[in-house]
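Here is the structure we will look at.
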Amino acid sequence: MSGSIQTIPVRTAPPYTVSIGSGLLCRCGEYLKMPTCRVAIVTDSTVEKLYLETVGESLRRAGFSVCSYVFPAGEAHKNLTTLSAILEFLAREHLTRTDCVAALGGGVTGDMAGFAAAVYLRGIRYIQLPTTLLSAVDSSVGGKTAIDLCAGKNLAGAFLQPAAVLCDTDCLASLPAAVFADGAAEAIKTGVLCDETLFSLFETDCLAADAAKVIARCVSYKAGVVERDEKEQGERRLLNLGHTVGHAIETCSGYTIPHGHAVAAGLAIIARAAEALGWTTEPIAGRIAACLAKNGLPTGTDFSAKDLSEAAAADKKRTGGDITLVIPRRIGQCELKRLPLTDLPAIIAAGLEA
Ligand code: GLY
721 MSGSIQTIPV RTAPPYTVSI GSGLLCRCGE YLKMPTCRVA IVTDSTVEKL
771 YLETVGESLR RAGFSVCSYV FPAGEAHKNL TTLSAILEFL AREHLTRTDC
821 VAALGGGVTG DMAGFAAAVY LRGIRYIQLP TTLLSAVDSS VGGKTAIDLC
871 AGKNLAGAFL QPAAVLCDTD CLASLPAAVF ADGAAEAIKT GVLCDETLFS
921 LFETDCLAAD AAKVIARCVS YKAGVVERDE KEQGERRLLN LGHTVGHAIE
971 TCSGYTIPHG HAVAAGLAII ARAAEALGWT TEPIAGRIAA CLAKNGLPTG
1021 TDFSAKDLSE AAAADKKRTG GDITLVIPRR IGQCELKRLP LTDLPAIIAA
1071 GLEA
């Protein structure tokens, strides 16, 4: 193992820590501060080949008994069929309430394995072992678990905080550029929300060298938000910046456009709309689009405002006939705006590229 491990506390009930650093997967057994038990590793067909053996060996060395379930990679498999197969697997392997699920992989794996842990035996422990930048900076922290339904993204799920998050920064080296870019989209989102310095890192070329720093900044911010608003009754909704349109793009594309790419387009569209409608305090849309493009991300979509609005109508951020949007005011500051759903087509149209 090289370098130091940073730990960031998340003070929920119960609390847990996010550990960030090099070599954490091959020493994950040592780092798990829990009594030895049976661990069901849930992973996808891509990550299986890269890390399943390493993680299994480390857990066994530390005294855990290990079994594993592998599902086909991709958001298109984050559905009831895969969830059902994971639950049947946990039951076949006789996991009990003192045992643990380990979500090894990216956002899809974390969401789905976490949801399985939340409902199996009415809830057992799980840990997050994020292997993508996207899951490291966002989805592995905060306890949101979900699957997609035909009507839309993440429409069935539960809040369950993980018992621990071990984020091995060595995994980032094996990521294809487009997968790395997915994570950059969530980190740029965090920069627009609260941290202009973080945003600036993505305007220059130093991201790869600073990945651990970027992850730590994003996780520290998110931990604070989750501590204050675990169940997304208020402040946590800010983390959905770019996601209303982003989720609509994912749904319209049949999940062929990955989450981070869709969020990037959603972020560029809402920034352009906010500026056109006079909701920003300074011009930001051009700067956000340039930053996204520099990181290999899209800044628009071919779907129409009508199609996107219809898909967004199924969004969780809807309340009766209203929807709450996250509006960027400037880089580092955003606000929530509750608007009639009927305004959405015009808002999205204002944000689409000419
Ligand atoms: N990804 C947004 C949240 O965890 O609230």
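Taking this note's numbering, the leading residue of the sequence shown gets 721, the next gets one more, and so forth. Think of the CB as a built atom: it goes at the ideal place given N, C-alpha and C, for glycine as much as any other residue. Given the structure is predicted, the values throughout are model-derived calculations rather than measurements.
Residue ranges of uninterrupted alpha helix (DSSP H) with 4 or more members, entirely inside the stretch 773-846 and ordered along the chain, are 773-781, 800-812, 827-839. In this structure, the alpha-carbon of Gln-726 lies about 15 angstroms from that of Leu-849. The beta carbon of Ile-740 sits closer than 8 angstroms to the beta carbons of Ile-725, Gln-726, Thr-727, Ile-728, Ala-856, Cys-887, Thr-889, Ala-932, Ile-935, Ala-936, Val-939 from its chain, once the five residues preceding and following it are set aside; these are given in chain order. 8 angstroms or more divides the Cβ of Cys-1011 from the Cβ of Phe-879.
As the crow flies, the alpha-carbon of Leu-770 is around 11 angstroms from that of Leu-745.
Looking at the DSSP output, Glu-1055 sits in a beta bridge with Ile-1047.
In the structure shown, the three-state DSSP call for Asp-868 is strand. Taking a cut-off of 8 angstroms for Cβ pairs, the stretch 898-911 and the stretch 978-995 touch, as three or more such pairs fall below it. Placement of the Cβ of Ser-859 at a distance of less than 7 angstroms from at least one heavy atom of ligand 1 is found. Distances from the CB of Arg-956 to the heavy atoms of ligand 1 include at least one below 7 angstroms.
Going by DSSP, Ser-940 is part of the alpha helix (DSSP H) stretching over 931-948.
Lys-1037 has its Cβ no nearer than 7 angstroms to any heavy atom of ligand 1. DSSP, reduced to helix, strand and coil, places Cys-887 within a strand of the structure shown. Your pair Cys-787 and Ala-822 does not check out as a contact, with CB atoms roughly 10 angstroms apart and the cut at 8 angstroms. The C-beta of Ala-884 has 16 or more other C-beta atoms within 10 Å across all chains shown, which makes the residue buried. Nearest in C-alpha terms to Gly-834, of all of Val-762, Asp-1022, Pro-735, is Val-762. Contact between the stretch 797-814 and the stretch 862-872 is present, with at least three C-beta pairs closer than 8 angstroms. In the structure shown, Leu-1017 falls within a coil segment according to DSSP collapsed to helix, strand and coil. Between Cys-748 and Ser-785, the CB-CB gap reaches or exceeds 8 angstroms.
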